[in-house]
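Chemist:
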Ligand code: ZN
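Residue numbers (my numbering): 1 to 277.
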């Protein structure tokens with residue numbers, strides 16, 4: 001099943017897509033797609049809920065995101081493009097949750113951003129508390145999967161000292177959605193194509209079978225260092241084809257359009273804009 005949140009920013013309502021592809025409003029039964037609701041997404045009967053007319057704006061398809069955990073250098077092809085050896089253990093870092101934005105919202109470049117780049121990624125949404133979980137049990141803690149664009153300013157990330165967080169965390173640098181797709185509908189997380197386009201040109205064309213550390217290992221691994229709560233998102237790394245890896249390098253400019261798609265998780269599309277003066 002596909003779950004989403006629709007409406008104006010900050011006033012989104014929970015919804016789902018029924019078998020006929022129609023949007024239905026869940027707000028009669030639940031306050032939001034957050035917390036314990038994420039552990040029981042399989043219990044909703046779509047026919048019970050009213051249809052929504054039109055095509056409202058979509059927000060991030062999960063609410064109450066306490067942590068946005070990212071995995072660096074998790075694809076063999078991306079490590080190669082950066083001239084790096086595959087890491088021995090997963091590289092993890094945190095992206096500010098204030099970067100989260102809807103799948104069709106603009107990417108707004110911060111005033112000093114000259115090297116904003118795209119990274120299409122498979123996102124994992126946690127549905128049940130995960131703490132020191134085994135790899136075998138890891139996927140039972142997943143509420144669903146989402147398309148993520150881990151937008152990154154490479155100057156802030158690499159040339160401005162310290163950790164990567166600075167380059168990853170600007171407002172609007174975390175588009176998620178359009179939908180949260182439950183594991184039964186999403187299919188094998190290690191068998192998904194990932195693609196990203198800039199102005200209609202295919203830039204990334206990867207596959208989750210090329211992950212160095214698969215999703216079950218990442219959940220287990222992260223849960224050794226921090227508890228994962230319902231609503232937390234893990235962005236599992238990006239394949240090759242980012243702007244930094246190109247010769248010459250390409251970075252996002254106001255007016256560009258970025259699209260990103262992972263497997264059956266849906267395609268997102270953002271216009272790039274300059275920040276207001
Ligand atoms: Zn990333």
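Don't be surprised by glycine CBs; every beta carbon is placed ideally from N, CA and C. Just so you know, these numbers come straight off a predicted model, no measurement behind them.
Check whether the Cβ atoms of residue 215 and residue 100 sit closer than 9 Å, and answer yes or no.
Modeler: Contact flag unset, no.
Chemist: Helix or strand or just coil, what does DSSP make of residue 275?
Modeler: Note: residue 275 maps to coil in three-state DSSP.
Chemist: Taking the beta carbon of residue 161 as the centre, do at least 16 other beta carbons fall within 10 Å, making it buried, or is it exposed?
Modeler: Classification of residue 161: exposed, given that the 10 Å Cβ count is below 16.
Chemist: Under 9 Å, do residue 265 and residue 186 count as touching if we go by C-beta distance?
Modeler: Cβ distance < 9 Å, so residue 265 and residue 186 count as in contact.
Chemist: Looking at the strands, I want to know which residues DSSP matches up with residue 259.
Modeler: In the DSSP output, where bridge partners are listed per residue, residue 259 has 197 and 269.
Chemist: Closest by CA to residue 141, which one among 149, 135 and 128?
Modeler: Of 149, 135 and 128, the residue nearest in Cα terms is 128.
Chemist: Please classify residue 13: is it buried, with 16 or more other beta-carbons within 10 angstroms of its beta-carbon, or exposed?
Modeler: The residue is buried, with at least 16 neighbouring Cβ atoms inside 10 Å.
Chemist: Starting from residue 225, trace the alpha helix (DSSP H) in both directions and tell me its first and last residue.
Modeler: Where residue 225 is concerned, the enclosing alpha helix (DSSP H) stretches over 215-225.
Chemist: Pick from 120, 228 and 110: whose alpha carbon is nearest that of residue 72?
Modeler: Minimum Cα distance to residue 72 is reached at 120.
Chemist: Answer with buried or exposed for residue 143, where buried requires no fewer than 16 other C-beta atoms within 10 angstroms of its C-beta.
Modeler: Label assigned to residue 143: buried.
Chemist: Provide the residue(s) that pair with residue 2 in DSSP beta bridges, ordered along the chain.
Modeler: DSSP lists 17 and 181 as partners of residue 2.
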